[in-house]
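Structure, as structure tokens:
As structure tokens, then:
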């Protein structure tokens, strides 16, 4: 494949750059040869790592602070996967925020890092189980899904909800589970909310003995913390709404992630990005302040450049990804070459001083990916 010519320029990484592990560094620094199957596999693996790279934020510390209140600790302060018991009851955390803001990734990555567990929706870890509640799920289906995750699949033909509850609790205890993570819990709301309230409470009272972490949209937060009939449930779960960071913090995270992930990928930043002092603003404004969407936009754009054999990431990569993925969320693409820079800089106290073309950007057609023919030996 002929590499894309991006007019690349070397960049010096900032202190916000992400740490590189040896495997990623080695893969990122290799010049890919798309003429053989092995190189294709290496490219696929590298793209997968970039897509799934996690960028820590202040949310991590906020979540850990709450974990310290509901989980036991060692003498030197390390968290243990054992819930604290208050008069026979345990507690938990409710992590809520808008869709695609990074709730699930935050919870999973922090738990995985602290307890060295790999969370899988299909099977439990040593002491932690993660389950994503299906759309249109019932309480009974959640119980049976938890049982299936522990390896139990032979259910009675006419099992009642209380029987399913008892079986699920038994299977979780038998598997050594102490932390239960339920994702997309808002999917349970709407039909019988009183039953959902009791469903969640039973995991932390009546001898349930689990630390319960629930994840969902603001609808779930309103259900738990703003409805008077659920005050007992609210008293057992620590509230953690994911609120947007201050603009300066968000811009720093975006700039660090952009440079760090490009370095991981073995790519550089094209002039249309590194000459643009407001490129991080474009990302933040385009994603309307959403941290999770900003990180996803960055990683997806970098992967696009990788897959096209580019040596640098260009504004065009961001424009194309935004057009395909985010116009439903924000109909104005900030990476289109228009008067975005002059309009935005007006808000920064520099009206009319710059335009998009001042940053070296130019409209261009996306290059298709072509493969070299493999030579026969």
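In this note's numbering, the protein residues as written are 37 to 413. The beta carbon of each residue, even a glycine, is placed where N, CA and C say it ideally should be.
Check: Please give the ranges of any alpha helix (DSSP H) in the region 175–225, keeping only runs that are unbroken, at least 4 residues long and fully inside the region.; Outcome: 175–185 and 197–210
Check: List the whole-angstrom C-beta distance separating residue 357 from residue 306, where the pair is believed to meet the contact cut-off of C-beta under 8 Å.; Outcome: That pair is no contact at about 15 Å.
Check: Starting from the Cα of residue 140, find the closest Cα among 196, 212 and 217 and give me that residue.; Outcome: 217
Check: Along the chain, where does the alpha helix (DSSP H) that runs through residue 96 open and close?; Outcome: 94–106
Check: How would you call residue 206, buried or exposed, if buried means at least 16 neighbouring beta carbons within 10 angstroms?; Outcome: exposed
Check: Run the CB neighbour count on residue 242, radius 10 Å, all protein chains shown included, and call it buried at 16 or more, exposed below.; Outcome: exposed
Check: Identify whether residue 116 lies in helix, strand or coil by the three-state DSSP scheme.; Outcome: strand
Check: At the level of alpha carbons, what is the spacing between residue 57 and residue 200?; Outcome: Unreliable placement is indicated for residue 57, whose pLDDT of 42 sits below 50; the coordinate value is still reported in the next sentence. So the two alpha carbons sit approximately 44 Å from each other.
Check: When the Cα atoms are used, what is the spatial distance from residue 75 to residue 370?; Outcome: 34 Å
Check: Taking the DSSP output, what are the residues bridged to residue 247?; Outcome: 215
Check: Can you give me the start and stop residues for the alpha helix (DSSP H) that residue 127 sits inside?; Outcome: That residue, residue 127, is in no alpha helix (DSSP H); it is neither H nor E in DSSP.
Check: Would you tell me roughly how many angstroms separate the C-alpha atoms of residue 293 and residue 90, rounded to the nearest one?; Outcome: 9 Å
Check: Under a three-way DSSP split, which group does residue 329 fall into?; Outcome: helix
Check: Would you kindly check if the distance between the Cβ of residue 163 and the Cβ of residue 151 is under 9 Å?; Outcome: yes
Check: Are residue 253 and residue 87 close, meaning C-beta to C-beta below 9 Å?; Outcome: no
Check: Can you name the start and end residues of the alpha helix (DSSP H) that residue 143 belongs to?; Outcome: 139–151
Check: Would you mind working out which of 113, 108 and 136 sits nearest residue 126, comparing C-alpha positions?; Outcome: 108
Check: By DSSP, does residue 76 sit in helix, in strand, or in coil?; Outcome: helix
Check: Report yes if the CB atom of residue 256 is closer than 9 Å to the CB atom of residue 222, and no otherwise.; Outcome: yes
Check: By the three-class DSSP mapping on this structure, what secondary structure does residue 89 have?; Outcome: coil
Check: Does the beta-carbon of residue 197 have 16 or more other beta-carbons within 10 angstroms, so that it is buried, or is it exposed?; Outcome: exposed
Check: Does the Cβ-Cβ distance between residue 236 and residue 273 come in under 9 Å?; Outcome: yes
Check: Could you spell out where the alpha helix (DSSP H) holding residue 257 opens and where it closes?; Outcome: 254–261
Check: Please determine, among 260, 261, 203 and 173, the residue with the shortest C-alpha to C-alpha distance to residue 224.; Outcome: 173
Check: Any idea if residue 179 is buried or exposed, counting beta-carbon neighbours within 10 angstroms, 16 or more meaning buried?; Outcome: buried
Check: Please classify residue 170: is it buried, with 16 or more other beta-carbons within 10 angstroms of its beta-carbon, or exposed?; Outcome: exposed
Check: Would you mind sorting residue 295 into buried or exposed? The rule is 16 or more other CB atoms within 10 Å of its CB.; Outcome: buried
Check: Are the region 94–103 and the region 224–233 in contact at 8 Å, needing three or more beta carbon pairs?; Outcome: no
Check: Is DSSP giving residue 416 helix, strand or coil here?; Outcome: Past the boundaries of the shown model lies residue 416; the chain is included only from 37 to 413, so the question cannot be answered.
Check: Based on Cα-Cα distance, which residue from 112, 143, 106 and 111 lies nearest to residue 92?; Outcome: 143
Check: Assign residue 186 to buried or exposed, taking buried as 16 or more other Cβ atoms, counted over all protein chains shown, within 10 Å of its Cβ.; Outcome: buried
Check: Kindly identify the DSSP beta-bridge partner or partners of residue 310.; Outcome: DSSP output for residue 310 lists no bridge partner at all.
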